[in-house]
Structure formats: structure tokens, C-alpha cells
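Q: Okay, so the sequence shown: first residue is 180 according to the working numbering, each after it adds one. The beta-carbon is built from N, C-alpha and C at its ideal position, and this holds for glycine as well.
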Amino acid sequence: MRILIGKGELAGARQLATVAWLDGVGMLIYGPGAEEAAELIERDYRRWYDPSDGGSWVTLSDEELVRSLLFRLPRPGWWAVEVTETGELLPQTPYDPNGTIWRQLASDDRVAATEAALTLLREHLHDPNIQALLTWIEGEKDEAVYHFVGLSPVAKRPQKIVVYRVRTGDWHAELEAS
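In C-alpha cells:
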């Protein structure tokens, strides 16, 4: 998993560093602003307040820290987006400081569910400028249902999309009735 982080109001503007989790290697932080990014991440994001079971502070492992950045780092003046193996920036995720999404999320599943939602939007809207924003996850692991909002300049309103895995292991996406 690779997370590109930076400063500015728009994702992609003023890129500082990439934070990556590589199996067998661990956490890496690299790029022109790696030192500033590492300081921010360790100071503000290594520890997380878990509101479940009465609340307690948790020190996150490197892997969980990297996974959580997508959902916890975005704040005024900062942004974080996931980068695919080919260098493509995935859509920004919703702000989730309480861990309702990232604590139960497998990034491979999120990428596959996002691609299924985008494929459905491309089939219905025929627009190259579509985006799918993950808003919440219902359930866990293989039984999880991913809820997206699809956005496109040609659509009159946002499209609600539900994505889930079928028994064969394939992903199925469908538009929710408004």
C-alpha cells in the first residue's frame, strides 16, 4: 500500500512524500518532504483514540498507521490519497477518525470494490471524468457491503452505488434506487 501525502486544499497539489507499507520490508517514507511528513505522522498519527469499549489510546503498528493515514490525515491544508502500482491516484476517502472504515479494511478489497463501482458508472454514464467515493462499509471481510457515491459532470445528481462480493469471489456493483 502506498499513500501520497501533501499540503494544499486540493489532492495532488504540493506533494510532500509517499508513505508505503511493503510486506517483508515494512514502512517506508520517501520523497522531497519525507522528513517533515515523518515528523507529522509520528507526532500526530502514531497514537489513536479508540472510542469503542469506553475509549482508550492505542499505539498503531507501522502497517495500521499507513492504512489509517488515508482516513485520518485529511484536514485543512493536508491531503492523502492511495497510489496504485501503476502510479494512478485513487479517489480520496471519507474522513474517518473513529476507525469505522479503516480498522476493518483490506486495501485489496477496497481497490477491487472501487474498480467495480467505477466500471458500473462508466457503463451507465459513458463519462471519462467519473469518480467513486467510498462513504461507508457495512459488515466485515467477505460479507462487507461497500457504499459509494458516484460523481460525474454529466449526471444530474450523485449516484449511490452498492458493491459486494458474490460467492464466486467476483465483485458486483449496482445502483441504489433513489
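#1: Check whether the Cβ atoms of Trp236 and Arg226 sit closer than 8 Å, and answer yes or no.
#2: Which residue wins for smallest C-alpha separation from Gln194, given the options Gly256, Gly348, Ser247?
#3: Which residue wins for smallest C-alpha separation from Pro211, given the options Asp229, Ile184, Leu201?
#4: Please classify Glu267: does DSSP put it in a helix, a strand, or coil?
#5: Once DSSP output is grouped into helix, strand and coil, what is the label at Glu355?
#6: I need the boundaries of the beta strand (DSSP E) containing Ser235, first residue and last residue.
#7: Taking 8 Å as the limit between beta carbons, can you name the residues of its chain near Met206, skipping five residues before and five after?
#8: Tell me the rounded alpha-carbon separation between Val341 and Glu355.
A: The answer reads as follows:
#1: yes
#2: Gly256
#3: Ile184
#4: coil
#5: coil
#6: 235-238
#7: Val198, Ala199, Trp200, Asp241, Glu242, Leu244, Val245
#8: 7 Å
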